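**Student:**
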Amino acid sequence: MLKCLAQFALLLVVSLLLTGCFGGKEADDVAYVLVMGIDKAPGGEQKVTYQIAKPKGGGGEGGSSTDPSGMGGKGGTEQGKPWITNTIILPSPGDARMMLQSSMSRTPNFSHVSAVVISEDVAREGILPTLTFPLRNREFRESVFIIIVQGSAEEFIRQNNPSLESTIGKFYETFFQRGPEVGYFLRTNLHDFITTLKNPGGSPYAAYGGINPKDGQKQPAGPRATPEQKGDPYLAGGIPRTGTENAAEFVGLAVFRGDKMVGVLNSDETRAVAILQNKITSAGLGVVDPLKPEKDRISFLIRNGDTPKITADLSGGKPVFNADVQIDAEIQGLTSGINYEASPNKELLEAQLSKLLQGQITAMIRHTQQLGTDPVGFGLYLRPKFANYDELEKVNLTTLYQAAEVYVNVTAKIRRTGLLWRTMPERFE
Amino acid sequence: MSYQPGKMGLAEGLALVFIPTFASVFLSLGPINLDMAATAAWMTPFVHFVPSVAVLYALLYVLKNTTGDFYAACQELLSTTITRLVILYYIGVFFLDAGLLIRQFAEDTLLTALPQVDFELITVLYVFMVVFLIYLGIEALARTTYIVIPFIGFGIILVVGLLFPQYHWLYLAPWNGRGLDKVLLAGIKVSGVDLAIIIPVILAGSFQNRRTIKGAVLYGLGLSASLKALTIAAGIAAFGVPAGQETVLPFYQMARLIYINRFVQHLEALSIILWSIVGMLTIALEIYVGLYLLGRLFNLPTFRPLIIPVVLILAELSMLPDDLVSVITFYAWAEYSIYSAGWALIPAVLFLAASYRVWRRRAC
Chain C
38 MLKCLAQFAL LLVVSLLLTG CFGGKEADDV AYVLVMGIDK APGGEQKVTY QIAKPKGGGG
98 EGGSSTDPSG MGGKGGTEQG KPWITNTIIL PSPGDARMML QSSMSRTPNF SHVSAVVISE
158 DVAREGILPT LTFPLRNREF RESVFIIIVQ GSAEEFIRQN NPSLESTIGK FYETFFQRGP
218 EVGYFLRTNL HDFITTLKNP GGSPYAAYGG INPKDGQKQP AGPRATPEQK GDPYLAGGIP
278 RTGTENAAEF VGLAVFRGDK MVGVLNSDET RAVAILQNKI TSAGLGVVDP LKPEKDRISF
338 LIRNGDTPKI TADLSGGKPV FNADVQIDAE IQGLTSGINY EASPNKELLE AQLSKLLQGQ
398 ITAMIRHTQQ LGTDPVGFGL YLRPKFANYD ELEKVNLTTL YQAAEVYVNV TAKIRRTGLL
458 WRTMPERFE
Chain A
356 MSYQPGKMGL AEGLALVFIP TFASVFLSLG PINLDMAATA AWMTPFVHFV PSVAVLYALL
416 YVLKNTTGDF YAACQELLST TITRLVILYY IGVFFLDAGL LIRQFAEDTL LTALPQVDFE
476 LITVLYVFMV VFLIYLGIEA LARTTYIVIP FIGFGIILVV GLLFPQYHWL YLAPWNGRGL
536 DKVLLAGIKV SGVDLAIIIP VILAGSFQNR RTIKGAVLYG LGLSASLKAL TIAAGIAAFG
596 VPAGQETVLP FYQMARLIYI NRFVQHLEAL SIILWSIVGM LTIALEIYVG LYLLGRLFNL
656 PTFRPLIIPV VLILAELSML PDDLVSVITF YAWAEYSIYS AGWALIPAVL FLAASYRVWR
716 RRAC
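Residue numbers (this note's numbering), protein chains in the order written: chain C, 38 to 466; chain A, 356 to 719.
1. Between C/P270, C/W458 and C/L457, which lies nearest to C/A400 when the distance is taken from Cα to Cα?
2. Taking the alpha-carbon of C/N174 as reference, which of A/L465, A/V479 and A/L382 has the nearest alpha-carbon?
3. Near A/A461, what residues of its chain come up, given a Cβ to Cβ distance below 6 Å and the 5 sequence neighbours on each side ignored?
4. Report the partner residues of A/V372 according to the DSSP bridge assignment.
5. For C/E467, does the count of other Cβ atoms within 10 angstroms reach 16, so buried, or fall short, so exposed?
6. What residue ranges within the segment 210 to 263 of chain C form continuous alpha helix (DSSP H) runs of no fewer than 4 residues, ordered along the chain?
7. Out of C/P128, C/I155, C/I121 and C/I126, point me to the one whose CA is closest to C/M141's CA.
8. Checking contacts by CB at 8 Å: is C/T344 closer than that to chain A?
9. Out of curiosity, what's the CA-to-CA distance linking A/V405 and A/R617?
10. Would you identify the three-state DSSP class for C/A291, choosing helix, strand or coil?
11. May I have the straight-line CA-CA distance separating C/F337 from A/Q600, to the nearest angstrom?
12. Within 10 angstroms of its Cβ, does C/E331 collect 16 or more other Cβ (buried), or is it exposed?
13. CB C/R261 to CB C/E378, shorter than 8 Å?
14. Using a threshold of 8 Å, state whether the C-beta atoms of C/A90 and C/P119 are closer than that.
15. Using a Cβ-Cβ cut-off of less than 7 Å, list which residues of the segment 171 to 196 of chain C approach chain A; keep chain order.
16. Select from A/A392, A/A366 and A/L365 the residue whose C-alpha is nearest the C-alpha of A/I587.
17. Cβ of A/L466 less than 8 Å from any chain C Cβ?
18. State the DSSP-derived secondary structure class of C/E98, mapped to helix, strand or coil.
19. C/S156: buried (16+ other C-beta within 10 angstroms of its C-beta) or exposed?
20. Evaluate the contact criterion for the segment 620 to 632 of chain A versus the segment 444 to 454 of chain C: three or more CB pairs, one atom per stretch, below 8 Å.
21. So, are the CB atoms of A/V666 and C/N236 less than 8 Å apart?
22. Taking 8 Å as the threshold (beta carbon to beta carbon), is C/R420 in contact with chain A?
23. Comparing C-alpha positions only, which one of C/A349, C/Q395 and C/G353 sits nearest to C/I364?
24. Under 7 Å Cβ-Cβ, which residues of chain C neighbour A/G534?
25. Which residues in the same chain have their Cβ closer than 6 Å to the Cβ of C/S102, if we skip the five residues on either side of it in sequence?
26. Are there 16 or more other CB atoms within 10 angstroms of the CB of A/E641, so buried, or fewer, so exposed?
27. Excluding sequence positions up to five away, which residues of its chain have a Cβ less than 6 Å from the Cβ of A/G542?
28. Thinking C-alpha only, which one of A/I632, A/I627 and A/A610 is nearest A/V503?
29. Ignore the nearest five residues each way along the sequence and tell me which others in C/L313's own chain have a CB closer than 8 Å to its CB.
30. Since C/G238 contacts C/L417 with CB under 8 Å, what's their CB separation in whole angstroms?
31. Which residue marks the beginning of the beta strand (DSSP E) containing A/R498, and which one marks its end?
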C-alpha cells in the first residue's frame, strides 16, 4: 500500500515537473518586436529601429475600442496604428535588448520579428555582420524576411502604414506571399540569404523597397529591354501613382556579391529571375501588338509552363549554360480587335511574347554578369561537373558565371484566351 | 541476480539497438560528418552499417562457441583479469557516453526550449526521468522504446517531408562528396556511433536466442542507418554543406525551417519533445547497461541501490566541461577513438580467440 502511494506521489511530482512552464512570461509582460530596421550611424555604429506591437489598451493615449484591428491606441507618428517605433543607436546588436529594455517597461521579445529592413548604405558595405546576431539567436526565426530599402530604413518603417492590413506582420507576410503572382519582387528570408551566401553556386538577393512620393510622375528605371514590350521597367519608389494607399512599395531586387550589395535589378529583370527560378505562378504582362504596333497592346497572364531546363557544360573550360524556358500564356486583353486566338495570328503573337521574354531574360543575364552576381543560381548547375567537393571549393562559381556563355530559348504557348475564344470584327454602321 | 531480466524478443532488441545508434542524429555529429564527407555525408550511416554487421556476425560466432552472454564469453576466451579490464572498459564507455549525452541534451533543451531556466534544474529533470526509467527495468525500457519508435519514424518523415519546398537538390552535388575513398574512410571513422550493437550481446541472457539477437541488430541498425541517411541528406539539401557545418542542432534547425503556409510552420516545438524523449531513453539505457556490467563484474545481488548514486555522479561529472563546444568536440573524438575500440577491436579479439579455440578443438 505504502509503495503504491509512493509511486502515485512520484507520478504526481513528475507531472508537475513536466509542465514546461519554467521561465514563462505573460503576454502583457512582453513587448513583441515586429520589424527591425538597420541604418548606419556615425562612428561605425548602427541605428536600429524597432517596430513594436502595441496591444489593445496599452500605452499611448489610450486604446480605442472601435479600432477594427482590436489593437487600437494612439501615440507618436503612428497615430491609430497598433504599433510604436523606437530608434536606438547601438554599439552592437548584443546591446539591443538592454538598451531597448531601458526605454520600455516590458521585456522585448524578438520571436515575432517578421522582417529585417536594411538600408542600401548598410547593404553596400556588407550585411553578414548584421545578420549573424539573428542567425545565432534562437528568438529570431529563419523565416524573417530580408528587405533592402532606398534611403533610410527608419524612414521606410515610419512611412510604411498599410491601410489594408491590421498588423504589420500580416502586411509583410501577405505582401511576400504574393511575390509569385507578380514577379516584380521576390521574397528572401534569412535562411535563403545565408545558405545562398555560404554555399557555392548562386548569389544572395533580397526584395528592394522604397517610399513612393505618390505624385503620379513616371520614373522608369531605364529603357525597355526589347521593342516588343509595352510597359517600362520600374524600381521601388518609381511607380507612377497617386492616392491614399501606403507609400511603401516593393519593386526590384537588390543583388549581392558575397554579402555586399552590388546593384539593383528592375521589375522586368526581377521577373526574368523569377521565371528562371520557376517562381512565377501568374504574372501580368503587356506586349506590343505585332500587327498594329503603333498604339495597340495585348495583355497576358503568364506562368511557367514547366520547370526551366537549365544545363551546364564545363568541358571547354569556359562554362556554357543553356536555358530552355516554357511559358504558358492566357490572353487577358486585346485592344486591336484582331483575331489572335486562331492561326496564323496566334503563332505570330506567341513569337512576339517569346521574343519579349527571351530579350528580357538575356538582358537580365548580361546585367548580372556585369555586376558579378548570380541571383538565378546558374552556378549550382556547374556543381555536378566537378570531380569532388574539394575541387568545387577551389573555384569561384560566380566568377565562372561572369565569363559564361548563356543561351536562352523561350517558347511561349497561348493556352487559354480568357472568356472569349475568338474576336469578331467591329461593325460601325 | 535480481537484475537478470526475463526473455526479450525481436521488437525489444530492435528498440535497444535503434535508439542509442539513432540519438546522435539529434546532436552535432551530422555537422562533423560534413567536414569529412561533405555532400556525401548521407552515405556514412550505410558505410558503417556494413562493418557493424560484420562485427555482429563475429560476436554471434563468439556466442555460438561459448556458453552464456558476453561476460561469460570473455571469461571463457580471455583470462579473468582481462575480462575484468574489458568489462571495466565497457562500463567506462557506456557511462562516458551517458554523461556526454546528459550534458548535450540538457544544454540543447536549455538552448531551444527553456532559455530562462537554470542549467542544473534541466539536468535534474533529465536525471529524474532517467532514474525513473532505469528503475522500471530493461524490459520496460525496451518496450517503452519500441512504442516510441513509430513516433520517431513518423516525426522524422514528417519533418523531412514538410521541408520539401526548402530543398535545393544541387546542394547534394558533387554526389561523391570529397571522393568515395574519403567517404568510406569517414564512414569507418565514425563507426563508433554503432557501439550499441553490442548491447543485445551483453544482455544475451535476456534474449530468446542468437537468432533474436541477430534480427534485433540487423533491423535496429538498418532502420537507424536508413533514417539517419535520410535526415542527413535532407539537411544537406536544405542547408548545404557550409551552413550545415555551423549548426549545433541540425534536426532542430530543420524543424524550425518548415514553412508550408502561415498556419503550418515552425514545428520545432514538436521536435524538441521527440529528441528529449530519445535522449532520456538513450541515457537510461546506457546507464542501465553500465550498471548491469557493474553488477556482473562485482557479482552483486542487485544494482538497484547504485542507480541514484551513479546517475547523480554522472550528472555531476557531465557538468565539468566548461562549455558546450568542448563537449561536442570531445564527444566526436570519443566516438572516433574510444568507442571504436569497443565496437571493433574487442569483438575482433574475441572472434580470433573463439576461432582459435574452435581450430584447436578440431585439431585435437
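For each residue, glycine too, the CB sits at the ideal point set by N, CA and C. Just so it is clear, the structure is predicted and the values come from calculations on it, not from any experiment.
**Tutor:** With the given structure in hand:
1. C/P270
2. A/L465
3. I477, T478 and Y481
4. Its beta-bridge partners do not exist; DSSP assigns none.
5. Because chain C is modelled from 38 through 466, residue 467 of chain C falls outside the range shown and cannot be assessed.
6. 216 to 219 and 227 to 235
7. C/I121
8. no
9. 43 Å
10. strand
11. 45 Å
12. exposed
13. no
14. yes
15. R175, R178, E179 and S180
16. A/A392
17. yes
18. Confidence is the limiting factor: at C/E98 the pLDDT is only 43, short of 50, which leaves the residue's position unreliable, though a coordinate-based value still follows. Coil.
19. buried
20. no
21. no
22. yes
23. C/Q395
24. N425
25. Confidence is the limiting factor: at C/S102 the pLDDT is only 40, short of 50, which leaves the residue's position unreliable, though a coordinate-based value still follows. Result list for C/S102: empty, nothing under 6 Å.
26. buried
27. T399, V402 and H403
28. A/I632
29. P345, I347, A360, V362, I398 and V413
30. 4 Å
31. Careful: A/R498 lies outside any beta strand (DSSP E), inside the alpha helix (DSSP H) at I493 to L517.
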